[in-house]
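J.:
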Amino acid sequence: HGALGDGTALSGKTVVITAGPTREPIDPVRYISNHSSGKMGYALAAAARQSGARVVLISGPVTLAPPAGVEVRHVMTAEDMLREASGAVDEGCDLFIATAAVADYRPETCAGDKIKKSSEALSLPLVRNPDTLATIAGRADAPFTVGFAAETSNVARYATDKLQRKKLNMIVANDVSAPGLGFNSENNAVTVFWPGGQESIGPDTKTSIARRLIAMIAERL
Ligand code: CTP
Ligand code: CA
178 HGALGDGTAL
188 SGKTVVITAG
198 PTREPIDPVR
208 YISNHSSGKM
218 GYALAAAARQ
228 SGARVVLISG
238 PVTLAPPAGV
248 EVRHVMTAED
258 MLREASGAVD
268 EGCDLFIATA
278 AVADYRPETC
288 AGDKIKKSSE
298 ALSLPLVRNP
308 DTLATIAGRA
318 DAPFTVGFAA
328 ETSNVARYAT
338 DKLQRKKLNM
348 IVANDVSAPG
358 LGFNSENNAV
368 TVFWPGGQES
378 IGPDTKTSIA
388 RRLIAMIAER
398 L
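Counting the sequence shown from 1 gives a position; the UniProt record's numbering is that position plus 177.
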């Protein structure tokens with residue numbers, strides 16, 4: 178029953194959400210990635226669906242089951258994520274939420290064959306990846322955009338910088354240095370910033386935080 182939607186706060190709206198890590202290939206068997214579990218993004222997708230939205234979830238590699246009633250599109254790299262997210266927004270989107278932990282850099286080239294070890298040290302040239310959130314927020318037809326900021330210090334300052342620099346409607350900041358919260362955890366505590374205000378949520382389960390976030394966003398959409 179819940180999967181079909183209990184709420185109507187987002188009925189008639191299309192929500193596009195990015196989630197999980199990206200993987201940037203080094204050679205056919207190796208990659209650069211991070212510890213993102215995708216839990217916050219999947220919880221937001223479920224909460225948005227339960228509020229009556231059509232939800233498209235652009236997901237990097239995670240071990241989570243797709244939330245009921247949510248359309249999942251799988252991606253691997255940051256470049257894939259930008260392409261799929263842009264395509265989903267082109268199809269029509271009222272709300273874009275970026276929870277993905279996108280690799281900021283990728284290896285300049287992916288070796289065709291598995292790299293053999295030889296010298297005592299190895300350097301890999303890395304190049305910057307495209308920023309999906311900034312690209313979507315910068316569109317002339319930008320939907321309401323919400324970013325996440327995982328920080329280990331100066332959380333409020335870095336988060337409000339990102340809010341302004343990326344021209345977001347809202348940013349959800351979490352301190353990933355807090356023990357037992359954030360990356361890979363069931364629980365989280367966040368502070369939400371928008372131009373002119375802020376509100377702290379939790380510590381609570383990611384499911385509860387997701388529901389509160391969707392309610393806050395729906396009030397402002
Ligand atoms: N983001 C994105 N594409 C990227 C990098 C980040 O869409 N290539 C999004 C994330 O999903 C998140 C927000 O931007 O919603 C902030 O990500 P974060 O890594 O905290 O910020 P960066 O701009 O990458 O800055 P830095 O890592 O230097 O703090
Ligand atoms: Ca980053």
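Note that beta-carbon positions come from the ideal geometry of N, C-alpha and C, so glycine has one too. Here the structure is a predicted model, which means the values were calculated and not measured.
1) Cα separation between TYR282 and ALA314?
2) For VAL353, which of GLU328, ASP338 and ILE391 has the nearest alpha-carbon?
3) Provide the residue span of the beta strand (DSSP E) that contains GLY373, from first to last.
4) Can you find a heavy atom of ligand 1 that lies under 6 Å from the Cβ of ASP338?
5) Could I get the ranges of all uninterrupted alpha helix (DSSP H) runs contained in the stretch 315 to 365, with 4 residues as the minimum, in chain order?
6) So, with DSSP's three-state summary, where would you put LYS379?
7) Tell me which residues share the same chain as MET217 and place their Cβ nearer than 6 Å to its Cβ, disregarding the 5 neighbours each side in the sequence.
8) Nearest to THR309 by CA position, among LYS291, VAL279 and SER330, is which residue?
9) Since LEU348 and GLY324 are thought to touch, with beta carbons under 8 Å apart, how far apart are those beta carbons, to the nearest angstrom?
10) Alpha carbon to alpha carbon, how far is PHE321 from PRO205?
11) Which parts of the stretch 203 to 239 are runs of the beta strand (DSSP E), unbroken and 3 residues or longer, counting only runs that do not cross its ends?
12) Could you give the C-beta distance for ARG250 and ILE235, rounded to a whole number, given that I count them as a contact under 8 Å?
13) Could you tell me whether the Cβ atoms of PRO198 and GLY237 are closer together than 7 Å?
14) GLU256 lies in the alpha helix (DSSP H); which residues open and close that run?
15) What is the residue span of the beta strand (DSSP E) that ILE194 lies within?
16) Pick out the complete beta strand (DSSP E) segments inside the stretch 265 to 308, 3 residues or longer, and give them in chain order.
17) ARG388 by DSSP, collapsed to three states: which one?
18) Count the other CB atoms, across all protein chains shown, that sit within 10 Å of the CB of GLU363; report buried if there are 16 or more and exposed otherwise.
19) Out of curiosity, what's the CA-to-CA distance linking GLY184 and ALA220?
20) With a CB to CB cut of under 8 Å and the five nearest residues on each side skipped, what residues in its chain are close to ARG200?
21) Closest to GLN375 by C-alpha separation, out of ILE394, CYS270, LEU358 and PRO244, would be which residue?
T.: On the basis of the supplied data:
1) 20 Å
2) GLU328
3) No beta strand (DSSP E) holds GLY373; DSSP gives it neither H nor E.
4) no
5) 332 to 342
6) Here residue 379 turns out to be Gly, not Lys, going by the sequence shown. Of the three classes helix, strand and coil, the one that applies to GLY379 here is strand, per DSSP.
7) THR276 and LYS383
8) VAL279
9) The residue you asked about is not Leu; residue 348 is Ile in the sequence shown. Between GLY324 and ILE348 the Cβ distance is about 5 Å, and since that is below 8 Å, they are a contact.
10) 38 Å
11) 207 to 209 and 231 to 236
12) 5 Å
13) yes
14) 255 to 267
15) 191 to 196
16) 272 to 275, 282 to 284 and 303 to 305
17) helix
18) exposed
19) 15 Å
20) TYR208, ILE209, SER210, GLY237, PRO238, MET253, THR254 and ALA280
21) ILE394
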